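The next block holds one structure in the form of structure tokens; read it before the comments.
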Amino acid sequence: MNRSTRPIVLLAFADPRRDLDNLKKESSGIRDLFWRFDDVVEVIILDHPTLMQITQTFQRYRNRIVAFHYGGHANGMELLLEDVQGDTQVAGALGFAQLLGHQSGLKLVFLNGCSTEGQAEGLRAADVPCVIATSRAINDEVATQFAIVFYGALASGADIQAAFGEASATTQSAHGDQTRGLYARKFLDQQPAGIVLPLPWNLHSHQDRINDWTFDLESRRRRRGAKGDTAAETAMVRHLQTLLDRVKQFWVTGLLDSSLQRSERIELAMADCSDVVADSWNSVDVGALPTTDFVESGDRIMDVFQRTRQSLMILGHPGAGKTTALLELTAGLVDWCETESDQPVPVVLHLSTWNSKFGSLVDWIEDEMSRKYHVASKHGRRFVDTEQLILMLDGLDETAENLRDGCVEAINDFLDHQGVPGIVVCCRVDEFNQLVQPVRLAGAICLQPLSEEQIHLALSDGGPASVTLSKQLEQHPDLLNLARSPLIFGIMREAFNEVDAQESMHFESQHQCQAMVFDRYIDRMIRTRSKETDSYTPQECLAGLHRLAKIVQSKRESIFMIENLQPTDLTSTWSRFAYSVSVSLIFGTLSGLVTTIFFWTLAGISDDSFDALEHGLGWCVTPMLMVWFVGVGLLEPCFEVPKAELASRMAVAAHGVKKALLFLAFWLLMTLAAYSITQHVPMFLLLVFTGVLASAMVGAYGRSQEVFAAVRPVEAVGMSMGNSARGMFVGMLVGVGVWLIHGFWNKTNLHFWYQPECAPSVGRWIYLIVLTTLGIEGGGITGGIVPATIEGKTRLNQGMRLSLISALKVGSAAALTLGVTVYLISMLIRERTTADAVSLGLSIGLLAFFCVGSWFGGFEWLKHVVLRTVMRFSGQLPPGLPQFLQQARRYRLMHRVGGGFMFLHRTLQEHFAASTPVFIDRSRPSDPTQVRP
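Here it is in structure tokens:
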């Protein structure tokens with residue numbers, strides 16, 4: 001997606017009255033001039049433009065258009081553009097001036113129409129640097145000549161003042177004293193004969209802003225800026241291309257091409273219902289907008305999208321084809337991106353995940369792209385800020401009812417203050433009608449149900465299945481009414497493929513009728529697609545889908561991703577308790593074992609440590625850590641705060657400190673209880689020291705997220721030198737702090753760190769050097785490592801596998817660095833045996849591996865494994881979840897979308913969530929004992 005940096009001249013020529021024959025000459029003349037300077041400036045010509053086409057061009061080439069030229073009919077109050085039918089469309093001067101004033105790169109506006117002088121003041125008030133306008137009605141031929149000379153001078157390197165002077169001089173020279181030839185006849189008829197008239201063109205400018213400005217200087221400035229941003233631009237282009245590939249793979253190839261509605265394609269009727277949306281353009285004085293419908297006969301969804309200025313609401317009843325229409329539009333936009341590399345990328349997002357914790361729509365987009373497309377948060381926000389995305393927002397109706405109006409308010413606020421090259425929102429009709437405020441989009445369509453004619457035409461192929469379904473539809477009006485939904489009709493064609501035309505069907509309501517259709521579809525898919533090697537029986541698969549649908553319903557997410565399972569998905573109190581306690585006990589046990597090994601090694605350095613171990617330190621650390629982590633899990637909900645309250649670094653740091661202090665207080669209570677039993681001061685001090693470090697680490701880890709109540713994959717890690725430098729400083733302070741605590745309470749000799757003939761104080765100073773060195777190394781590693789996401793993951797649960805790999809890699813690096821450092825120091829400072837030095841190095845390495853590895857993915861992987869285990873044994877999820885999802889996909893009950901799965905349709909998901917269907921093999925003789933619930 002290589003984006004040009006050349007400045008752009010935008011030429012717009014309108015002739016709704018069809019009486020300005022000279023416009024073609026003006027257009028071609030200016031175009032030919034700039035073709036000779038193609039390396040300096042780019043020209044875009046809009047013939048017969050609508051107001052929206054001009055606006056979209058400014059949006060598409062934001063900050064690159066430096067000059068806007070208008071040729072056509074005008075006056076002091078308006079420009080006469082054209083609408084989509086070629087009739088007159090009035091663009092009011094005030095609103096149009098505001099539009100141009102918002103274009104930060106714009107230097108020049110040339111209104112080469114009749115009597116445009118009245119618009120110049122409004123343009124200057126809107127902060128347009130330079131305006132050329134006419135004082136009277138001008139001669140068309142002369143207007144063309146003046147424009148060609150003016151732009152010829154600009155293209156050859158002249159500044160605006162010089163170019164205007166050249167054009168004025170040339171025009172005046174050509175006509176001499178006969179200046180009346182410069183004006184239109186309708187103006188001359190009103191003037192006395194013989195009067196000498198001045199030149200009709202006037203230059204209005206902020207001289208300080210265009211002084212010596214030329215196309216050549218602007219082009220060179222932009223090229224220099226482009227060179228300075230080459231690395232960042234290249235990276236951004238690569239990330240955008242990856243995002244485009246993922247959108248195509250997930251939604252077009254993976255979902256659209258395999259959908260039932262796509263395979264049995266029926267062109268859907270669209271009705272214009274733009275009166276239900278509040279177009280934000282209505283608040284801007286840009287003149288009259290087209291009053292004709294946005295939808296015309298034979299239109300595709302892409303046509304409507306373009307006609308509504310790429311701002312569209314798609315409405316429809318359940319199963320009407322809203323998502324299919326959205327994805328077909330996405331497919332067209334993807335093709336457009338692949339053909340024209342500078343187009344914004346369409347990105348499909350589901351509004352079902354909207355939550356009040358998001359401060360703005362941008363925050364939600366950033367989070368959603370990170371979780372669904374694995375785009376780093378900083379890249380997602382930059383894509384939005386630089387208007388690189390077309391938002392395809394599906395499922396407004398799936399947003400929680402109490403949050404839906406807030407979601408609409410966030411969308412409207414985003415459109416008012418941020419803007420986007422294009423946006424589409426899908427919603428069911430009933431939920432849309434309940435909104436307090438409308439969505440401010442340019443247009444809306446409502447997808448119409450299938451007509452009886454369309455249904456019968458689709459079944460006219462004469463096949464046995466079509467004949468059977470036709471007869472059933474004739475016999476059952478409720479069934480025919482359901483068939484008006486394109487989704488249900490496609491499911492019916494599969495469900496009734498092998499049904500006897502004479503089979504009797506009984507249902508008391510349309511709801512029962514729909515349930516019957518879904519059950520028959522499920523039965524047929526399982527019967528025709530099951531294999532003897534399947535891991536699950538049909539009934540086990542249906543029961544698993546029932547549980548899975550309930551989870552998806554409760555999460556309000558359309559796409560189920562294994563790595564996105566959260567402890568909040570646990571449905572019962574005992575399962576949540578079992579999860580929290582299991583994670584706490586496992587991690588507490590591991591922490592205790594590592595700490596005990598470290599203390600045993602420390603006993604070879606410090607007599608106090610050896611003495612503490614003899615008084616029971618070894619056997620009490622592990623149980624205390626187990627109990628403490630259980631307490632952390634129970635106390636953590638006290639600190640739950642909205643994400644919006646953690647917007648600043650200071651707020652995040654304060655939140656972490658609060659957690660650390662509370663956790664430390666709990667640890668000190670247990671330490672006092674242990675001291676009351678042993679009455680051993682060194683042991684008490686070592687336990688306090690352990691609690692301070694553990695509380696500080698857990699508080700820092702949970703400063704911006706829940707320690708136990710959330711699972712966040714660490715898919716990859718990067719290195720930040722700035723963060724590493726800050727981490728070194730903090731690590732040095734920690735090393736000094738540990739020395740102050742441990743080095744000074746240790747009144748006995750630190751015999752490991754000094755020669756016997758030296759004073760004990762020497763050992764303490766050497767101990768300071770050791771701790772400071774380890775602190776700097778450890779802080780540099782942990783501070784410099786930055787969690788990241790891997791873009792374009794497509795394997796199931798890949799995020800958690802990568803988290804484990806990240807933990808092993810980072811933990812190993814930390815263990816090797818710190819362990820080798822301790823080994824070398826111990827061998828250099830004192831001639832110890834190799835066994836003693838290796839023992840201490842391994843102990844420090846093990847502690848570093850556990851702490852750093854847990855911090856960067858290991859703890860998240862452990863929580864995920866425990867969570868899935870608890871959900872499996874509590875009956876919420878089937879065992880072997882990846883194999884289960886693949887089997888459901890083969891049954892055509894679910895779709896694969898990247899690294900996740902979604903049900904065939906929301907209505908089918910709701911059917912599974914309501915109850916567990918019973919599989920009845922209709923290929924065998926019916927069993928009167930089998931009764932469908």
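All residue numbers for the sequence shown refer to the UniProt record's numbering, where the first residue is 1 and numbers rise by one.
Glycine included, every Cβ here is placed at the ideal spot set by N, Cα and C.
Computed from a predicted model, the values in this text were never measured in an experiment.
query                                                                                                                                                                     : result
What are the partner residues of residue 572, as DSSP defines its beta bridges?                                                                                           : DSSP, once it has assigned bridges, lists no residue as partnering residue 572.
If you reduce the DSSP assignment to three classes, tell me which class residue 273 lands in.                                                                             : coil
From residue 285 to residue 81, what does the alpha carbon distance come to, in whole angstroms?                                                                          : Low per-residue confidence applies at residue 285: pLDDT is 35, beneath 50, and the placement is therefore not dependable, though the value from the model is reported in the following sentence. Roughly 15 angstroms separates the two Cα atoms.
Checking the sheet assignment: what are the DSSP bridge partners for residue 131?                                                                                         : 109, 204
Applying the criterion that 16 or more other CB atoms from any shown protein chain within 10 Å of the CB defines a buried residue, is residue 235 buried or exposed?      : exposed
Is the separation between the beta-carbon of residue 369 and that of residue 329 shorter than 9 angstroms?                                                                : no
Restricting to Cα atoms, I'd like to know which of 15, 9, 688 is closest to residue 58.                                                                                   : 9
From which residue to which residue does the beta strand (DSSP E) around residue 92 run?                                                                                  : 88 to 92
What span of residues does the beta strand (DSSP E) with residue 13 cover, start to end?                                                                                  : 8 to 14
Taking three-plus beta-carbon pairs below 8 angstroms as touching, is the region 626 to 641 in contact with the region 663 to 682?                                        : yes
Roughly how many angstroms separate the alpha carbons of residue 408 and residue 637, rounded to a whole number?                                                          : 30 angstroms
Residues in its own chain within less than 6 angstroms of residue 582 by CB, not counting five upstream and five downstream?                                              : 866
Going by the DSSP bridge assignment, what does residue 74 pair with across the sheet?                                                                                     : 79
Does the beta-carbon of residue 96 have 16 or more other beta-carbons within 10 angstroms, so that it is buried, or is it exposed?                                        : buried
Which first and last residues belong to the beta strand (DSSP E) in which residue 346 is found?                                                                           : 345 to 350
Could you tell me the alpha carbon to alpha carbon distance between residue 596 and residue 852, rounded to whole angstroms?                                              : 18 angstroms
Does the Cβ-Cβ distance between residue 780 and residue 727 come in under 9 angstroms?                                                                                    : yes
Would you give the residue range spanned by the beta strand (DSSP E) that residue 894 belongs to?                                                                         : 894 to 897
Quick check on residue 393: does DSSP put it in helix, strand or coil?                                                                                                    : strand
When the Cα of residue 374 is compared with those of 903, 349, 392, which residue comes out closest?                                                                      : 349
Under the DSSP definition of a beta bridge, which residues are partnered with residue 69?                                                                                 : 11, 110
Whose C-alpha, out of 871, 846, 159, 305, is nearest the C-alpha of residue 592?                                                                                          : 846
Tell me which same chain residues have a C-beta within less than 7 angstroms of the C-beta of residue 640, skipping the five on either side of it?                        : none
Considering only residues of the same chain and omitting the five flanking positions on each side of residue 944, which have a CB-CB separation below 8 angstroms?        : The structure shown does not extend to residue 944, since the chain is modelled only from 1 through 933, so no value can be given for it.
Could you check whether residue 254 and residue 898 sit closer than 9 angstroms to each other, using their CB atoms as the reference points?                              : yes
Kindly give me the distance between the Cβ atoms of residue 699 and residue 671, rounded to whole angstroms, as I take these residues to be in contact under 8 angstroms. : Not really, about 17 angstroms apart at Cβ, beyond 8 angstroms.
Going by Cα to Cα distance, which pick from 456, 479, 79, 54 is closest to residue 518?                                                                                   : 479
Evaluate contact between the region 318 to 335 and the region 243 to 252, counting only Cβ atoms and requiring at least three cross-stretch pairs below 8 angstroms.      : yes
Can you tell me whether residue 322 is buried or exposed, with buried defined as 16 or more other CB within 10 angstroms of its CB?                                       : buried
Going by the beta-carbon positions, is the gap between residue 345 and residue 389 smaller than 9 angstroms?                                                              : yes
For residue 95 and chain D, any beta-carbon pair shorter than 9 angstroms?                                                                                                : Absent from the structure is chain D; it holds one protein chain and no more.
What do you get for residue 104, buried or exposed, if any count of 16 or more other CB atoms within 10 angstroms of its CB means buried?                                 : exposed
Between the C-alpha atoms of residue 835 and residue 598, what's the straight-line distance to the nearest angstrom?                                                      : 15 angstroms
By DSSP, does residue 287 sit in helix, in strand, or in coil?                                                                                                            : Bear in mind that the predicted position of residue 287 carries a pLDDT of just 36, short of 50, making it unreliable; the figure below should be weighed with that in mind. Looking at residue 287 - three-state DSSP - the assignment turns out to be coil, as it is neither helix nor strand.
If you draw a straight line from the alpha carbon of residue 573 to that of residue 548, how long is it in whole angstroms?                                               : 19 angstroms
Note the first and the last residue of the continuous alpha helix (DSSP H) segment covering residue 638.                                                                  : First-last for residue 638: undefined, no H or E at that position.
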